[in-house]
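Structure record follows, encoded as structure tokens.
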């Protein structure tokens, strides 16, 4: 459930553009809006609980993909460090323009990289819950976000 929010949430039209970027249509728009809310004194945990889920899903999908590609444990660990690192998550989020959809405190001028990384994880976590805990839709979103194992 979304915490108290006094800031403007993305409109339905903005959410449609967001969904096009991530290649996924939410059934539960509350989850998509929660994924885009930063934590604050006003919004409580914001998207941080979804980010916890998303972080684990990112690792799971990267490990499974690496295993399916017959990669070594070391190669899999390196890919997790690369693709699931906060620096990479933030970079991908900014490249894709996800920052335009993030609900932030009006006193914040910019989205910090750590906030972007948390939001990227939260998006994956929100998709996981929205699709009834299926992995494939999460893997598809990770591909759209540039977070999956490179081909």
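Residue numbers (the UniProt record's numbering): 1 to 151. C-beta atoms are modelled at their ideal positions from N, C-alpha and C, and glycine is treated no differently.
May I ask you to report which of helix, strand or coil DSSP gives residue 146?
-> coil
Relative to the C-alpha of residue 86, which residue among 59, 70 and 116 is closest?
-> 116
When DSSP labels each residue in this structure, what does residue 199 get in the three-state scheme?
-> Here the chain has residues from 1 to 151 only, and residue 199 is not among them.
Whose CA, out of 15, 129, 63 and 74, lies closest to the CA of residue 54?
-> 129
Which value, in whole angstroms, describes the spacing of the CA atoms of residue 135 and residue 64?
-> 11 Å
Residue 134 in three-state terms, based on DSSP = coil
Where residue 103 sits in the DSSP three-state scheme | strand
Can you tell which of 101, 91, 80 and 17 has the C-alpha that lies nearest to the C-alpha of residue 61?
-> 80
Can you check DSSP and say which residues form a bridge with residue 37?
-> 103
State yes or no: is the C-beta of residue 120 within less than 8 Å of the C-beta of residue 98?
-> yes
Kindly give me the distance between the Cβ atoms of residue 15 and residue 29, rounded to whole angstroms, as I take these residues to be in contact under 8 Å.
-> 6 Å
Confirm, please, whether the CB-CB distance from residue 126 to residue 34 is below 8 Å.
-> yes
Selection from 110, 71, 137 and 144 that minimises the alpha carbon distance to residue 96 = 144
Consult DSSP for residue 113 and reduce its assignment to one of helix, strand or coil.
-> helix
Identify whether residue 28 lies in helix, strand or coil by the three-state DSSP scheme.
-> coil
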